[in-house]
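**Student:** Numbering (our numbering), first residue to last: 284 to 491.
#1: Could you pull out every unbroken alpha helix (DSSP H) segment of at least 4 residues lying fully inside the region 347-418, listed in chain order?
#2: For residue 420, does the count of other Cβ atoms within 10 angstroms reach 16, so buried, or fall short, so exposed?
#3: Would residue 333 and residue 431 be called neighbours here (beta carbons separated by less than 8 Å)?
#4: Is residue 284 helix, strand or coil by DSSP?
#5: Residue 379 and residue 417 look like a contact to me (Cβ under 8 Å); what is the Cβ gap, rounded to whole Å?
#6: Exposed or buried, which one is residue 346 when buried takes at least 16 other CB atoms within 10 Å?
#7: If you compare alpha carbons, which of 381, 415, 409 and 387 is closest to residue 402?
#8: Tell me the residue span of the alpha helix (DSSP H) that contains residue 304.
#9: Let me confirm a value: residue 330 is counted as buried when at least 16 other C-beta atoms fall within 10 Å, else exposed. Which label applies?
#10: Near residue 393, which residues of its chain fall below 8 Å by C-beta distance, leaving aside the five closest residues on each side in sequence?
#11: Taking a contact to mean a Cβ-Cβ separation below 8 Å, would you say residue 415 touches residue 438 in this structure?
#12: What does the Cβ neighbour count give for residue 375, buried or exposed, with the cut at 16 atoms within 10 Å?
#13: Can you grab the Cα-Cα spacing for the pair residue 305 / residue 327, in whole Å?
#14: Could you tell me the alpha carbon to alpha carbon distance between residue 344 and residue 337, rounded to whole angstroms?
#15: Tell me the rounded alpha-carbon separation between residue 425 and residue 377.
#16: What is the rounded straight-line gap between the Cα of residue 471 and the Cα of residue 461?
#17: Assign residue 433 to one of three DSSP states: helix, strand, or coil.
#18: Quick one: give me the first and last residue of the beta strand (DSSP E) that residue 468 is part of.
Given below as structure tokens:
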């Protein structure tokens, strides 16, 4: 039986619209939907007119980021379609997310309910270390390509894995600096990446 080449995909900001979902969870926690301040902001804290939280109000927001929240985030535009054309081209898609492991099942249900051709989610949790919390999972998966929208999550990724950066939300983006030199290709969204990936003229592992 042939083994399909793997493409590892981040969830929030690549497959799913976490920034939009943040406004909904804010409304759920505090009873009002925040106004949009900057639609081109990278962080939802900059996109929405919300205040910095701490103490009881922060705990109230986090309490609403429960199983229901993590299983009901909307897909980004054309993300489902992008995944289907990669899947139909013979790639296995695996979601690698820096999410608490207790919500791994909720994330998979979310993706399946939205029609993504993804059967596996690896929730890595977050880490205070400089090395990406996803590095161990990527090492074990040995994918052909790793796609993420957060530059620091490429730290420690093996050099033989093609590193594809989704460059969204340019206002306040953390995707700047010398580490960009280690990225092989950059794309506006997953649909653009899928078109590039299926172009017979592209070369993996080289800067495009």
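Beta carbons are placed, not taken as given, at the ideal position from N, Cα and C, and that holds for glycine.
In this text, all values refer to a predicted model and were calculated from it rather than measured experimentally.
**Tutor:** On the basis of the coordinates in this document:
#1: Whole alpha helix (DSSP H) segments, 4+ residues: 350-353, 362-371 and 387-396.
#2: So residue 420 counts as buried.
#3: Cβ atoms of residue 333 and residue 431: not closer than 8 Å.
#4: Confidence in residue 284 is poor, its pLDDT being 40 and thus under 50, which makes the residue's placement too unreliable to answer from.
#5: Yes, residue 379 and residue 417 are in contact; Cβ-Cβ is about 5 Å, under 8 Å.
#6: By the 10 Å Cβ count, residue 346 comes out exposed.
#7: It is 387 whose Cα lies nearest to the Cα of residue 402.
#8: Note, residue 304: alpha helix (DSSP H), 301-313.
#9: Here residue 330 is buried. Its C-beta has 16 or more other C-beta atoms within 10 Å.
#10: Only 299, 353, 354, 355 and 356 meet the Cβ criterion.
#11: A contact, by the Cβ cut-off of 8 Å.
#12: Taking every protein chain shown into account, the CB of residue 375 has 16 or more other CB atoms within 10 angstroms, so this residue is buried.
#13: Rounded to whole angstroms, residue 305 and residue 327 show a C-alpha spacing of 7 Å.
#14: If I take the Cα positions, the gap works out to 10 Å.
#15: The straight-line gap from Cα to Cα measures roughly 11 Å.
#16: Whole-angstrom Cα-Cα distance: 20 Å.
#17: Of the three classes helix, strand and coil, the one that applies to residue 433 here is coil, per DSSP.
#18: Segment 468-470, the beta strand (DSSP E) holding residue 468.
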